[in-house]
Each structure stands twice: as structure tokens, then as C-alpha cells.
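Enquirer: One rule links them: number in the numbering used here = place in the sequence shown (from 1) + 9.
Ideal Cβ placement from N, Cα and C applies to all residues, glycine included.
Take this structure first; my questions come after.
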Amino acid sequence: LDLDDFDPESMQFLERSQYQSEIVVQWIQRLIVDAHEANVLKIAPPILSRVFNQLGNGVVVLNNAEKLNDFPMPFPLSQAERFP
């Protein structure tokens with residue numbers, strides 16, 4: 010897949026969205042489900058479940074990283090961090 014494989018309307022929606030990572034993960038999940046239903050991917054249900062679990066874990070980690078970016082570190086802690 011490359012960006013030319015996506016329709017322009019979807020790409021414009023993605024560019025305007027605040028939640029780009031979550032949208033891309035949802036698209037990936039939809040592609041996996043469609044491929045599994047079409048028997049393109051022959052994956053045992055426990056393994057497929059693990060794939061979705063790991064994608065979900067990735068979204069949780071991403072959200073935690075965004076929280077660190079959104080909330081500044083308290084000033085005294087940032088000053089204490091400067092000293093070895």
C-alpha cells in the first residue's frame with residue numbers, strides 16, 4: 010500500500026482529523042477483517058485475536074505518550090531533573 014491506493018476523500022478526511030493515528034489503526038483493522046472474511050488471510054482465531062489485542066495496546070501506548078506531551082512537567086520536578 011502507498012498513499013496513491015487511498016481515495017482522495019479518505020486522505021482529506023485523515024488530514025483534517027485530530028485523531029490520525031486512531032483512524033489509520035481502524036483502517037488497518039478493517040483491512041484485516043475484510044481479508045480474513047475473503048480468505049485472503051487464513052489465520053487461526055486465537056492468533057487473529059492477538060493481532061487486534063496488540064493493535065489496541067499500541068493505541069493505548071500512543072495515548073499515554075500524547076498525555077506526556079500535552080501536560081507539562083511541574084517546574085520543581087523539571088529543575089530537579091537537571092541535577093545529577
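Hey, would you say Leu-64 sits closer than 7 Å to Val-42, going by beta carbons?
Expert: Not a contact, by the Cβ cut-off of 7 Å.
Enquirer: When the Cα atoms are used, what is the spatial distance from Phe-61 to Leu-77?
Expert: Going by the C-alpha atoms only, they are around 25 Å apart.
Enquirer: With Leu-40 and Ile-32 assumed to form a contact (beta carbons below 8 Å), what rounded beta-carbon distance in angstroms separates them?
Expert: The pair is not a contact, with the Cβ atoms about 13 Å apart (cut-off 8 Å).
Enquirer: Counting along the chain, where does the alpha helix (DSSP H) carrying Pro-85 start and finish?
Expert: First-last of the alpha helix (DSSP H) with Pro-85: 84-90.
Enquirer: Give me the Cα-Cα distance between Leu-50 and Pro-83, rounded to the nearest whole angstrom.
Expert: Approximately 48 Å, taken between the alpha carbons.
Enquirer: How big is the Cα-Cα spacing for Ala-89 and Ala-74?
Expert: Cα to Cα, Ala-89 sits roughly 22 Å from Ala-74.
Enquirer: With a CB to CB cut of under 7 Å and the five nearest residues on each side skipped, what residues in its chain are close to Gln-29?
Expert: Result list for Gln-29: Leu-23, in chain order.
Enquirer: Helix, strand or coil for Asn-78 per DSSP?
Expert: Looking at Asn-78 - three-state DSSP - the assignment turns out to be helix.
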